[in-house]
Every structure is written in structure tokens, then in C-alpha cells.
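Quick note on numbering: the sequence shown equals residues 3 to 450 in this note's numbering. Where a beta carbon is used, it is the ideal one built from N, C-alpha and C, also for glycine.
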Amino acid sequence: MRQIPAVDALRNPVFRRLWFVTMIGGFSVGATLTTLGWAVVEESGSPLLVSLVLVSFLAPQMFAGPIGGVLADRYDRARLIRLGISGRMILALVMAGSLFLFPHELTPLFVINAARSVTSGATIPSRRAFMADIVSPHQLANALALDEFALTMVFITGPVVTGSLLVLIEPEAIFLLLAAVSLIGVALVPNGPERSRPEVRPETMSASAERTSFFRDLVDGIGYILRSRLLLGISAITLTAEMLAFNYMTLVPVFARDVFDGGSGLLGVLNGTMPAGELVGAGFMAAFAARVARPGRLMAIGIVGTFAAGIPLGASSWLPATFVFLMLIGGFAQMFFVMTSMLLLRETPPEARARVLGLQQVTWGAGALGGLMSGAIASATSPHMGIVIPSSVGLAIVVIIVVISPELRRGGLATGVARPHPARKSPEVRGTVGRSRGRTRRRSARRR
3 MRQIPAVDAL RNPVFRRLWF VTMIGGFSVG ATLTTLGWAV VEESGSPLLV
53 SLVLVSFLAP QMFAGPIGGV LADRYDRARL IRLGISGRMI LALVMAGSLF
103 LFPHELTPLF VINAARSVTS GATIPSRRAF MADIVSPHQL ANALALDEFA
153 LTMVFITGPV VTGSLLVLIE PEAIFLLLAA VSLIGVALVP NGPERSRPEV
203 RPETMSASAE RTSFFRDLVD GIGYILRSRL LLGISAITLT AEMLAFNYMT
253 LVPVFARDVF DGGSGLLGVL NGTMPAGELV GAGFMAAFAA RVARPGRLMA
303 IGIVGTFAAG IPLGASSWLP ATFVFLMLIG GFAQMFFVMT SMLLLRETPP
353 EARARVLGLQ QVTWGAGALG GLMSGAIASA TSPHMGIVIP SSVGLAIVVI
403 IVVISPELRR GGLATGVARP HPARKSPEVR GTVGRSRGRT RRRSARRR
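Here's what the structure looks like:
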């Protein structure tokens, strides 16, 4: 492992445990969406109701992410992760009970799915900021890529395994299995180093005597984004991507049954194909992300490629071509996700990282709106137009944002080190730096 740069961060034992926790969480999400999507399409046959499965998962992220970000900057991040997984375990048991007792009622399923989304979304900022706490700065890009690799690996296996199991067992049994898996996740969550805990974090110790209000912390996080044109550009592109780029996954049950005349097995394979492309992209990024000179430029290429592949994907009625385009979208999307995370962590000071990451999750709520929009278009016209129209509009918007945002095209230099928040140096500091540089030049001259 020591000789393989692509897995460098896995040398860290704390990150290794967090990596397995990430896989458990990703498996749970993929299995939940696949199971609920199939249960809804079997019960109702409505594309709009099927789209509500993803909508009910994404919409709460608009609130859960920012709240979780503030909590993660205030309290122990490992403890918050444990609480979130425990909540999902309990709600998996409640979901199983609802399916068993009320098999023809869909409303409780959407409500429970939304509650699971809150427990998941509120802990994502903790997990991502915790990652930056436990790895060394030069390993951060590799850790982010490996984190995405873990998620995509289980997004492949989760839907495929779930689709296969749905042929043999009932949906409520799936959720009983997910509860057992979550229990393992709780046990695996590691304790971070002392410096990762808010009460001993250097940037928070000076303010421990007078902790600001929850609302003030949230406003401060918004301020970090508003003061950076680069962060504003990233937020605009992410909002567009979440709303318009990935709506095919909302309508996968409809395409599987109505376009390709398949069953739950094909549903699982289609749900796992895009993550297969993401897996390839994540492997590439794990090996080469630290060498990327301009992550903003690569981020733009990734999202433009995602939208460009989405247009023929939506128009496709030929299954092999659909698999190819889903793979392409997965690879381009992974490039976009890793570079976005790297820029967010690098452009934000450590004491505000979780808040900025949490605020970024507000854009995930746009995925709920986009999924609802695609479901409505598909119901009014056809499933194909439900994907082609949003992809075309999204491509045009992203190109415009990139053209008018030179900060994104430049994207800074990817050093793998979180860049400190800009601050004006005092005359004393500038003088000290100048004298230090002068001494360094004199030493170099003597050596020559």
C-alpha cells in the first residue's frame, strides 16, 4: 500500500475506518432508493410518484445540511456521525414496519424517507470536515477521491444487490437488513485526534469563553461564500448540476419498465451503471487528483461533459447505448465532485469548513425540484423528454457561468493544502518576512 499513490490516504488507520463507514452509509442510501422506487412503481405506476422517492430524500438536505454544518463546527464530529447512523438504523426498522402493516399506503414511505434524509444530510458535513481533520494536508486530494470511490463502489453493489434481492424477498425484509448494516456502521466510527474536537481545536479555543449564537454561525458561513467569487461560481454550477444533470436516476424505474420492458433486475443494473462510471472516474482521480494544476478547469470540463452526455442518454431507447452514456456521465460527474470538494475545502478556513460544506448541501434540494420537474415533463410528454429538456437547458447555463467566471477557469493551484483565509499582514509581519527572505537569499549565494 505504501508504494501505491492512489491509496496513500488508506495508510491512515483512522481514515480507513471512516472509509468503511462511508461505504456502509452509501450502501444504505442506494438500497433505500432502489427498494422504495420499485415499491412505488409497482403500487402506482406513476412517473411523478416515482420521482417523489428521490425528491423526498433530497428536499430535506436544504435544511439538514446547513444545520449539520453549524453543529459540526461546534461539537465533536465523530459523535455526530454516530448519532446520524443510529437514527437511520431506527428509521429503517420503522420503514420495515410501515411496509408490513400498511403495504398499499405510500404516504408513510415518503415521510419516513424524508426523516432518513435529515439524519443522513445532517451528518455529511461532519464526515467530510472530519476527513480534513484526520489526514495530512498533502493526502487531502487523495482522501477525497477515495471517499468518492467508496461511495460509488457501494452505489454499484447496493442497487444491483437490492434489485436481485427484491426478486426473492419483500421490501420490508430489505430494510431489516439495512438496520443490521447500520449497527455495524455505528461500531466502526472512529474517534478523531484531539485537534479535531471543537473544545481543543486551535481556531475555536480563543472563542470558547463566548460562543456565538447558532444563527450567527450560520450567517458567518454564508459570508465566507459571498466574499469569494470562486465559491460563488462553484455554488452556481453545483445548483445547476443538482437540478438538471442527474434526473435520469429519478426516472430509472420508469425507463426500466416502460422503455426497456424490464423488471427489478434491470432496475438494479441501471441504477448501478452510472456508479460504475463513477468508480472508474474515482480511481483515476485517486491516482492523479494531487497532480491537477487547475482544479477549477477540470471541474468545468466534468460538468459540461455530464450535461453533454445526458442529452443522448435521455433520447436513447437502445439499452447498450444507455449503458455507455450512463458510464460517461458517471466518469465526468466524478471529476466534477472531487474537484468541487477540493476547492471548497481549500478555499475555506478550517473553523468554517463544515458550515460551508453544509451550505453547499442546500443545492441538493434543487435536485428534488429537478426530479419533480423531470417527472412532470415525463408524465406530460414522454420519459425521454423528461431527460433531454433539462440536460439541454443545464448545458447552456453551465457554459454561460464558465464563460463569465475567469476564477473558475483559473481555479488556483492544487497543492493539496487548505489555503488560509486571506488576511492583511501587519507592517511588523511584512518586515519579518522581508528580512527572512533576505537571509535566505544570502545563504543561497554563499552556497553557490
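**Request:** Determine the direct distance from the alpha carbon of Val52 to that of Phe338, and round the result to whole angstroms.
**Result:** When the Cα atoms are used, Phe338 and Val52 turn out to be separated by approximately 27 Å.
(request) Determine the extent of the alpha helix (DSSP H) in which Ser184 is found, giving its start and end residues. (result) First-last of the alpha helix (DSSP H) with Ser184: Pro173 to Leu190.
Exercise for the section: Count the C-beta pairs between the segment 363 to 383 and the segment 49 to 65 that are closer than 8 Å, then say yes if the count reaches three, no if not. Expected result: When Cβ pairs closer than 8 Å are counted between the two stretches, the segment 363 to 383 is seen to touch the segment 49 to 65, the count reaching three or more.
**Asked** If you count every other CB in all the chains shown that lies within 10 Å of the CB of Ala471, and 16 or more means buried, which is it?
**Response** The structure shown does not extend to residue 471, since the chain is modelled only from 3 through 450, so no value can be given for it.
Specify, as a first and last residue, the run of the alpha helix (DSSP H) that Gln234 falls within. A small fix is needed here, since residue 234 is Leu in this sequence, not Gln. Note, Leu234: alpha helix (DSSP H), Arg231 to Leu246.
Use the C-beta contact count for Glu107: other C-beta atoms within 10 angstroms, 16 or more gives buried, fewer gives exposed. In the assembly as shown, Glu107 is an exposed residue. Its beta-carbon has fewer than 16 other beta-carbons within 10 Å.
Practice prompt. Using beta-carbon positions only, say whether Gly333 and Asn249 come within less than 8 Å of one another.
Written response: Going by C-beta atoms, Gly333 is not nearer than 8 Å to Asn249.
Give the DSSP-derived three-state secondary structure of Ile406 in the structure shown.
Note: Ile406 maps to coil in three-state DSSP.
For Val57 versus Ala295, is the C-beta spacing smaller than 8 Å? With contacts defined as CB atoms closer than 8 Å, Val57 and Ala295 fail to qualify as a contacting pair.
Limits of the alpha helix (DSSP H) - the one that Leu281 falls within: Element bounds for Leu281: Ser266 to Phe290.
Query - Same chain only: Cβ atoms within 6 Å of Gly360, ignoring 5 sequence neighbours per side - result: Correct list, in chain order: Gly67, Pro68, Gly70, Gly71 and Pro127.
Checklist entry - For the alpha helix (DSSP H) that contains Met341, what are its first and last residues? => result DSSP places Met341 in the uninterrupted alpha helix (DSSP H) bounded by Leu321 to Arg348.
Between Phe151 and Gly316, how many whole angstroms is the CB-CB distance? I'm expecting something under 8 Å.
Taking C-beta atoms under 8 Å as the contact rule, Phe151 and Gly316 fail to qualify, at a distance of about 27 Å.
Contact between the segment 272 to 281 and the segment 349 to 363 is defined here as three or more beta-carbon pairs at a separation below 8 Å; is this criterion met?
Verdict: no, contact absent.
Report task. Would you mind working out which of Leu167, Ile176 and Ile186 sits nearest Ala94, comparing C-alpha positions? Result -> Nearest option by C-alpha distance: Ile176.
Query - CB-CB length for Leu269 against Val256, believed under 8 Å - result: Between Leu269 and Val256 a beta carbon distance of about 10 Å is seen, past the 8 Å cut, so the two are scored as non-contacting.
Any heavy atom of the ligand FAD closer than 7 Å to the CB of Ala378?
-> With respect to the ligand FAD, the structure shown offers nothing to examine, as it has no ligands at all.
Notebook entry, point to check: Can you tell which of Ala243, Met97 and Ser119 has its C-alpha closest to the C-alpha of Leu178?
Noted result: Relative to the Cα of Leu178, the nearest Cα in the group Ala243, Met97 and Ser119 belongs to Met97.
>> Within 10 Å of its beta-carbon, does Ile402 have 16 or more other beta-carbons around it, so buried, or fewer, so exposed?
In response: Its Cβ having fewer than 16 others within 10 Å, Ile402 is exposed.
In the DSSP assignment, the alpha helix (DSSP H) including Asn115 goes from what residue to what residue? Bounds of the alpha helix (DSSP H) holding Asn115 are Thr109 to Gly123.
- Item | Leu73 - DSSP class collapsed to helix/strand/coil | DSSP, read as helix, strand or coil, puts Leu73 in helix.
_Alpha-carbon to alpha-carbon, Pro385 and Ala311_ = If I take the Cα positions, the gap works out to 16 Å.
- For Pro161 versus Gly32, is the C-beta distance shorter than 8 Å? A Cβ-Cβ contact shorter than 8 Å links Pro161 with Gly32.
- Query: Touch check for the segment 22 to 29 and the segment 340 to 354: three-plus C-beta pairs under 8 Å?
  - Reply: The segment 22 to 29, when compared against the segment 340 to 354, does not touch it at the 8 Å Cβ threshold.
Handout entry: Nearest-angstrom beta carbon gap, Met329 and Ala278 [assumed within contact, 8 Å]
Key = Indeed, because the Cβ distance is near 6 Å, the residues count as touching under 8 Å.
Where Val137 falls: helix, strand or coil (DSSP):
Coil, per DSSP.
Problem set entry | Closest by C-alpha distance to Gly304, when choosing among Met287, Asp149 and Ala356 | With distances taken between CA atoms, Gly304 lies nearest to Met287 out of Met287, Asp149 and Ala356.
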